[in-house]
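Notes for the one structure printed next.
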Amino acid sequence: MGEPLKVGVVGTGTISRTYFEHLAKLPGTEVVAAADLDISRAKAAGEKYGVRALTPDELYADDEVEAVLNLTIPAAHASVALAALGAGKHVYGEKPLAATRQEARPLLDVAAQAGLRIGCAPDTVLGTGTQTARALLDRGDIGAPTAATAFFVSPGPEPWHPDPEFYYKPGGGPLLDMGPYYLSALINLLGPIARVTGRVGRAKQERTVGSGPKEGTTFSVEVDTHVTGVLEHESGVLTSIVTSFDVWGAKLPRIEVYGSEGSLSVPDPNGFAGDVEVFKPGSREWSAAKVAGGYADSGRGYGLGDMARAIRDGGPHRASGELAFHVLDVMESLLESGAQGGAPVEVDSTVERPAAVPEGATPDVA
């Protein structure tokens, strides 16, 4: 293989640690610089990981940097990506691609016009969990898929998070927070989504911080905290989805897919691995499947490694900006349907189902 893709990290908060650690394991990428609005944080990261510490503007202008890893807060995703693209850099970022479709669309247009790549988390779907389920579906282990379910339910982050208010402001809520993991997995498994029908609600108008310096203080809820609906895939499969911050306990699965010849249980899409289980006609119980696909022992940053390989080889990358835009489009459409009392909403965008990750593949050669 050729020289590794030289990466500059913008945003050196907590999430950056796992990226630094995993990218160091991938021969196709090399982190060479780190930047943050707080230069002291950039310097701390630089000293810890042996990279140069820069301001964001210095990083965009740096000739050595070929790609920018955007780990800023969601509200800054679009502006940072546009600045990097304008400087001729490829971009890979944390989810979501941008705060809204209106902000996200120009990113794809600018990247296409400049001949640059844009990618976006989550890359959890490239691990052995979702990809083994994908392999079983593709080889027909449960026949033709007809329906699916997807559930993320919790009491919300305020029992443990010391500063949870942002989860309950515009741009927050259970769907926009956790939906990208579930929808990215569903699209990898079952293909793009053409139409949605949603309903929304909220159990409380106020929440109470449960830990940290603000423990016991209350704050207002500004978004819907229970979102449920039906996703109509272009393939005809119907997925029932629930995302909620209003549930104290449940025994629901994460994702299940139902086919003409059996059922498939998919592990938590917020993780890279986990057991895939199959139920067949005549069975008395579920059985665990052998790993059949995905990057083994993967972690955050493998999507960028996959994009680096695609830049070198000229093929498509899997955790693409187009996929992230479609996910964002589906989420906003579902919320729009809920606000309209459940009226169906057509999803304007579409995307090709990403290529499967074969068993034993690595981001540098797959």
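To convert, note that position 114 of the sequence shown is 114 in UniProt numbering; the numbers rise steadily by one, no gaps. Each residue gets a CB set at the ideal place from its N, CA and C atoms; glycine is no exception.
Could you check how far apart the C-beta atoms of residue 345 and residue 333 are, in whole angstroms? I think they sit under 8 Å.
By 1-based counting over the sequence shown, the position of residue 345 is 345. By 1-based counting over the sequence shown, the position of residue 333 is 333. The Cβ separation is near 4 Å, so the contact holds.
At what residues does the beta strand (DSSP E) containing residue 70 begin and finish?
Position 70 of the sequence shown, counting from 1, holds the residue named residue 70. Unbroken beta strand (DSSP E) run through residue 70: 67–70.
Flag this pair as touching only if the region 286–301 and the region 14–29 have three or more C-beta atom pairs under 8 Å; answer yes or no.
Contact holds: three or more Cβ-Cβ distances are below 8 Å.
Could you check the C-alpha separation between residue 294 and residue 187 for me, to the nearest Å?
The sequence position of residue 294 within the sequence shown is 294, counting from 1. The sequence position of residue 187 within the sequence shown is 187, counting from 1. Going from the Cα of residue 294 to the Cα of residue 187 covers about 16 Å.
For residue 45, collect the residues of the same chain with a Cβ closer than 6 Å to its Cβ; drop the 5 residues on either side in sequence, then sort them by chain order.
Along the sequence shown, one-based indexing puts residue 45 at 45. Here the set comprises 12 and 34.
Put residue 448 into one of helix, strand or coil per three-state DSSP.
This structure leaves residue 448 out entirely; the chain is present only between 1 and 366.
In or out: residue 348 buried (at least 16 other Cβ within 10 Å) or exposed?
In the sequence shown, residue 348 corresponds to position 348, counting from 1. Answer is exposed; the Cβ neighbour count stays below 16.
Taking the alpha carbon of residue 241 as the reference point, which residue from 213, 179, 289 and 207 has its own alpha carbon closest?
On the sequence shown, position 241 is the one that residue 241 refers to. For the residues 213, 179, 289 and 207, the minimum Cα distance to residue 241 belongs to 179.
Starting from residue 19, trace the alpha helix (DSSP H) both ways and give me its first and last residue.
By one-based count along the sequence shown, residue 19 stands at place 19. Here the alpha helix (DSSP H) through residue 19 covers 16–23.
Compute the Euclidean distance between the alpha carbons of residue 238 and residue 245, then round it to the nearest angstrom.
One-based indexing of the sequence shown puts residue 238 at position 238. One-based indexing of the sequence shown puts residue 245 at position 245. Approximately 23 Å, taken between the alpha carbons.
Could you please give the first and the last residue of the uninterrupted beta strand (DSSP E) stretch that includes residue 44?
The sequence position of residue 44 within the sequence shown is 44, counting from 1. First-last for residue 44: 39–49, but that is the alpha helix (DSSP H), not the beta strand (DSSP E).
Rounded to a whole number of angstroms, what is the C-alpha to C-alpha distance between residue 266 and residue 37?
Within the sequence shown, residue 266 is the residue found at index 266, counting from 1. Within the sequence shown, residue 37 is the residue found at index 37, counting from 1. If you take the alpha carbons of residue 266 and residue 37, they lie about 39 Å apart.
Using three-state DSSP, classify residue 124 as helix, strand or coil.
Your numbering for residue 124 matches position 124 in the sequence shown. Here residue 124 sits in helix by DSSP.
Less than 8 Å separating the beta-carbons of residue 182 and residue 255?
Counted from its first residue, the sequence shown places residue 182 at position 182. Counted from its first residue, the sequence shown places residue 255 at position 255. A contact, by the Cβ cut-off of 8 Å.
Tell me which same chain residues have a C-beta within less than 6 Å of the C-beta of residue 98, skipping the five on either side of it?
Numbered from its first residue, the sequence shown carries residue 98 at position 98. Closer than 6 Å at Cβ, skipping near neighbours: 77, 78 and 104.
Anyone know if the C-beta pair for residue 262 and residue 142 falls short of 8 Å?
Position 262 of the sequence shown holds residue 262. Position 142 of the sequence shown holds residue 142. For residue 262 and residue 142, yes; Cβs fall inside 8 Å.
What's the C-alpha gap between residue 343 and residue 196?
Walking along the sequence shown from the start, residue 343 turns up at place 343. Walking along the sequence shown from the start, residue 196 turns up at place 196. Near 9 Å, if we compare the C-alpha coordinates of residue 196 and residue 343.
Counting pairs of beta carbons, one from the region 213–232 and one from the region 157–174, are three or more of them closer than 8 Å?
These segments touch.
When DSSP builds the beta bridges, which residues end up paired with residue 168?
The count along the sequence shown starts at 1 and reaches residue 168 at position 168. BP columns for residue 168 are empty, so no partner.
Quick check on residue 309: does DSSP put it in helix, strand or coil?
Numbered from its first residue, the sequence shown carries residue 309 at position 309. Helix.
Could you spell out where the alpha helix (DSSP H) holding residue 321 opens and where it closes?
Here residue 321 refers to the residue found at position 321 of the sequence shown. Element bounds for residue 321: 321–339.
In this structure, does DSSP put residue 233 in helix, strand or coil?
The count along the sequence shown starts at 1 and reaches residue 233 at position 233. DSSP places residue 233 in strand when its eight states are reduced to three.
Whole angstroms is fine: what's the gap from residue 329's alpha carbon to residue 52's?
Locating residue 329 in the sequence shown gives position 329, where the first residue counts as 1. Locating residue 52 in the sequence shown gives position 52, where the first residue counts as 1. One C-alpha to the other measures close to 37 Å.
With DSSP collapsed to three states, give me the class of residue 207.
Counted from its first residue, the sequence shown places residue 207 at position 207. Strand at residue 207.
Within its chain, find whatever has a CB closer than 7 Å to the CB of residue 144; leave out the 5 residues flanking it on each side and keep chain order.
Reading the sequence shown from its first residue, position 144 is the one you call residue 144. So the list reads 259 and 260, once near-sequence residues are dropped.
Do you know offhand how far residue 217's Cα is from residue 203's?
Within the sequence shown, the letter at position 217 stands for residue 217. Within the sequence shown, the letter at position 203 stands for residue 203. Cα to Cα, residue 217 sits roughly 18 Å from residue 203.
Which complete alpha helix (DSSP H) runs does the region 64–118 hold, if anything under 4 residues is left out?
Whole alpha helix (DSSP H) segments, 4+ residues: 77–86 and 101–114.
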